[in-house]
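Peer 1: The structure's right below; bear with me while I get my questions together.
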Amino acid sequence: PARGEGLKSERVVRADIVDRNGELLATSVSAYSLVANPKLIWDGAEVAEALATVLPDLDVEDMTRRLSDQSREFVWVERGLTPRRRQAVFDLGLEGLRFEEESRRAYPRGTLAGQVLGYTNIDGVGAGGIEYSQNERLAAGGEPVRLTIDNGVQAAVEAELAISAVEHEAEGGAAILMDAQTGEIRAMASWPPFDPNRSIDISMTDPSRLNRATGAVYELGSIFKPFTVAAALEAGVIHPKEMFDVRKPLEIRGYKIEDDHPLYGDADVTHIISKSSNIGTVRINEKLGPRRQQDFLRRAGLMERAAIELSGSS
1 PARGEGLKSE RVVRADIVDR NGELLATSVS AYSLVANPKL IWDGAEVAEA LATVLPDLDV
61 EDMTRRLSDQ SREFVWVERG LTPRRRQAVF DLGLEGLRFE EESRRAYPRG TLAGQVLGYT
121 NIDGVGAGGI EYSQNERLAA GGEPVRLTID NGVQAAVEAE LAISAVEHEA EGGAAILMDA
181 QTGEIRAMAS WPPFDPNRSI DISMTDPSRL NRATGAVYEL GSIFKPFTVA AALEAGVIHP
241 KEMFDVRKPL EIRGYKIEDD HPLYGDADVT HIISKSSNIG TVRINEKLGP RRQQDFLRRA
301 GLMERAAIEL SGSS
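All residue numbers for the sequence shown refer to the UniProt record's numbering, where the first residue is 1 and numbers rise by one.
This is the structure in structure tokens:
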């Protein structure tokens with residue numbers, strides 16, 4: 001009966017996730033689920049209707065069918081009961097029911113680093129983010145998994161990203177703060193924010209689920225210009241004070257290349273970068289050549305997937 005606690009099995013508690021300073025980001029808390037043994041239930045319809053009075057989301061017709069199946073000894077009725085609903089079911093005093101103690105994941109900082117942390121499914125298995133990529137390690141329990149991010153820095157970066165996204169009415173955005181000396185990620189933010197505590201209620205197609213810092217594809221655009229210039233300088237095919245004609249648009253293989261903010265005259269390398277000149281960058285790349293450019297990018301690690309412990313990295 002529901003008045004009994006039922007059998008309990010020893011479970012390994014999933015390890016916590018903490019930031020670089022040991023501050024908690026994800027933990028496991030006790031939860032109870034309701035299960036039934038149809039072989040101990042005389043009238044499945046009566047039990048289903050009684051349960052529906054305290055479990056508003058219960059599908060009475062489906063539950064009646066499942067509780068009436070005498071070939072089964074175990075049926076999930078509802079997972080992750082709140083304390084109030086558990087007590088309400090207990091007070092019904094129905095036969096053939098029992099509570100099973102489980103654990104569910106809790107994220108005390110809400111949306112902070114939500115896409116980075118990911119979430120677990122109803123069975124407590126990692127289904128996104130660190131929860132997924134480090135599932136085997138987390139499921140083994142023991143010491144917390146420590147991330148390189150800093151909660152304080154993460155909160156500040158997320159706040160700035162939110163301000164910018166709202167100001168520009170952006171559909172999405174991302175921001176990453178990296179330690180240039182070690183390569184460690186101190187903050188990784190994605191907009192719109194995602195609350196892993198609500199993962200079960202959020203549609204799988206909801207844009208907040210996507211970590212745009214790792215899973216979205218962006219055209220590099222002007223961000224790529226410094227790499228072209230750096231490669232040319234390293235190869236010795238240009239020097240910083242060298243002048244390039246940037247007055248007229250270029251046409252290459254049917255594509256017209258021009259500058260949004262034209263430079264009338266010649267420009268040195270510094271001005272080509274500071275003014276983001278498309279024409280000047282192409283002129284430099286013509287001297288560099290594709291082979292040397294690709295070799296530089298390969299040595300810089302830009303031709304390989306980033307070595308980051310997150311699933312779905314692009």
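Even glycine gets a Cβ: it sits at the ideal position worked out from N, Cα and C.
Examine chain C for any beta-carbon lying closer than 8 Å to the beta-carbon of P144, and answer yes or no.
Peer 2: This model lacks chain C altogether, as it is built from one protein chain only.
Peer 1: If you drop the 5 nearest sequence neighbours on each side, which residues of the same chain put their C-beta closer than 6 Å to that of R212?
Peer 2: Translated into positions along the sequence shown, residue 212 becomes position 212. So the list reads G172, A174, S190, once near-sequence residues are dropped.
Peer 1: Is the beta carbon of T148 closer than 8 Å to that of I185?
Peer 2: Counting from one through the sequence shown, the residue named residue 185 turns up at place 185. Counting from one through the sequence shown, the residue named residue 148 turns up at place 148. For I185 and T148, yes; Cβs fall inside 8 Å.
Peer 1: On the CB-based measure, 16 or more other CB atoms within 10 Å of its CB, does K225 come out buried or exposed?
Peer 2: By one-based count along the sequence shown, residue 225 stands at place 225. Buried is the call here.
Peer 1: Within a Cβ cutoff of 6 Å, which residues of the same chain sit near I176, ignoring the five residues on either side of it in sequence?
Peer 2: Mapped onto the sequence shown, residue 176 falls at position 176. These residues qualify, in order along the chain: M188, A213.
Peer 1: Is the beta carbon of I41 sitting closer than 8 Å to the one on R79?
Peer 2: Position 41 of the sequence shown, counted from the first residue, corresponds to residue 41. Position 79 of the sequence shown, counted from the first residue, corresponds to residue 79. Contact: no.
Peer 1: Measure the alpha-carbon distance for G236 versus A170 and round it to whole angstroms.
Peer 2: Within the sequence shown, residue 236 is the residue found at index 236, counting from 1. Within the sequence shown, residue 170 is the residue found at index 170, counting from 1. Each residue's Cα considered, the two are about 41 Å apart.
Peer 1: Nearest to G118 by CA position, among I130, A155, D266, is which residue?
Peer 2: Stepping through the sequence shown from its first residue, residue 118 is reached at position 118. The shortest C-alpha separation from G118 is found at I130.
Peer 1: In whole angstroms, give me the CA-to-CA distance for P249 and S276.
Peer 2: To locate residue 249, count along the sequence shown from 1; it is residue 249. To locate residue 276, count along the sequence shown from 1; it is residue 276. Computed Cα separation, rounded: 14 Å.
Peer 1: What number of angstroms, rounded off, separates the C-alpha of V35 from the C-alpha of R305?
Peer 2: Counting from 1 along the sequence shown, the entry for residue 35 is found at position 35. Counting from 1 along the sequence shown, the entry for residue 305 is found at position 305. The straight-line gap from Cα to Cα measures roughly 45 Å.
Peer 1: If distances are taken between C-alpha atoms only, which option among S68, D62, E73, V54 comes closest to R86?
Peer 2: Walking along the sequence shown from the start, residue 86 turns up at place 86. The shortest C-alpha separation from R86 is found at V54.
Peer 1: Measure from the alpha carbon of R98 to the alpha carbon of each residue in S199, V89, V157, then state which is nearest.
Peer 2: Residue 98 sits at position 98 when you count from the first residue of the sequence shown. Cα-wise, what sits closest to R98 is V89.
Peer 1: If you count every other CB in all the chains shown that lies within 10 Å of the CB of V18, and 16 or more means buried, which is it?
Peer 2: Here residue 18 refers to the residue found at position 18 of the sequence shown. The residue is buried, with at least 16 neighbouring Cβ atoms inside 10 Å.
Peer 1: Tell me the DSSP secondary structure of Y264 in three-state form.
Peer 2: Within the sequence shown, the letter at position 264 stands for residue 264. If DSSP states are grouped into helix, strand and coil, Y264 belongs with coil.
Peer 1: For I252, list the residues DSSP reports as bridge partners.
Peer 2: For the purposes of this step, residue 252 is taken as the residue at position 252 of the sequence shown. DSSP output for I252 lists Y255 as bridge partner(s).
Peer 1: Could you name the residues of the same chain whose beta carbon sits closer than 7 Å to that of I273, not counting the 5 residues immediately before and after it, in chain order?
Peer 2: Sequence index remark: in the sequence shown, residue 273 carries index 273 (1-based). K225, P226, V229.
Peer 1: By the DSSP assignment, the alpha helix (DSSP H) with V229 in it spans what residues?
Peer 2: Against the sequence shown, residue 229 aligns to sequence position 229. V229 -> alpha helix (DSSP H) spans 225-235.
Peer 1: I need the DSSP call for R137, collapsed to helix, strand or coil.
Peer 2: The sequence position of residue 137 within the sequence shown is 137, counting from 1. Three-state DSSP puts R137 in a helix.
Peer 1: What does L24 pair with, by DSSP beta-bridge criteria?
Peer 2: Here residue 24 refers to the residue found at position 24 of the sequence shown. According to DSSP, L24 bridges with V18.
Peer 1: Between Y255 and N197, is the Cβ-Cβ spacing less than 8 Å?
Peer 2: Walking along the sequence shown from the start, residue 255 turns up at place 255. Walking along the sequence shown from the start, residue 197 turns up at place 197. No, Cβ-Cβ distance for Y255 and N197 is not below 8 Å.
Peer 1: Compute the Euclidean distance between the alpha carbons of E258 and E219, then round it to the nearest angstrom.
Peer 2: Counting from 1 along the sequence shown, the entry for residue 258 is found at position 258. Counting from 1 along the sequence shown, the entry for residue 219 is found at position 219. One C-alpha to the other measures close to 18 Å.
Peer 1: What residues match up with Y199 in a beta bridge as DSSP calls it?
Peer 2: Indexing the sequence shown from 1 puts residue 199 at position 199. Per the sequence shown, residue 199 should be read as Ser rather than Tyr. According to DSSP, which records beta bridges pairwise, S199 is partnered with nothing at all.
Peer 1: Do you know offhand how far N21's Cα is from A155's?
Peer 2: Indexing the sequence shown from 1 puts residue 21 at position 21. Indexing the sequence shown from 1 puts residue 155 at position 155. Taking the straight line joining both Cα atoms gives about 14 Å.
Peer 1: Does the stretch 41-50 come within contact of the stretch 63-71, defined as at least 3 CB pairs closer than 8 Å?
Peer 2: Contact holds: three or more Cβ-Cβ distances are below 8 Å.
Peer 1: Can you check whether the CB of P207 is closer than 8 Å to the CB of P192?
Peer 2: If you number the sequence shown from 1, residue 192 lands on position 192. If you number the sequence shown from 1, residue 207 lands on position 207. In this structure, P207 lies closer than 8 Å to P192 by Cβ.
Peer 1: Within 10 angstroms of the Cβ of G142, are there 16 or more other Cβ atoms? Answer buried if so, exposed if not.
Peer 2: For the purposes of this step, residue 142 is taken as the residue at position 142 of the sequence shown. With fewer than 16 other Cβ atoms within 10 Å, it is exposed.
Peer 1: Given this structure, state the Cα-to-Cα distance separating R65 from L81, to the nearest angstrom.
Peer 2: Residue 65 sits at position 65 when you count from the first residue of the sequence shown. Residue 81 sits at position 81 when you count from the first residue of the sequence shown. C-alpha separation (whole angstroms): 22 Å.
Peer 1: Could you please give the first and the last residue of the uninterrupted beta strand (DSSP E) stretch that includes V116?
Peer 2: As a first step, residue 116 is located in the sequence shown; it is residue number 116 there, counting from the start. Note, V116: premise wrong, no beta strand (DSSP E); alpha helix (DSSP H) at 114-117.
Peer 1: Please work out which residues of its chain come closer than 6 Å, Cβ to Cβ, to E23, disregarding the five sequence neighbours upstream and downstream, and give them in chain order.
Peer 2: Here residue 23 corresponds to residue number 23 of the sequence shown, with the count starting at 1. The residues are N151.
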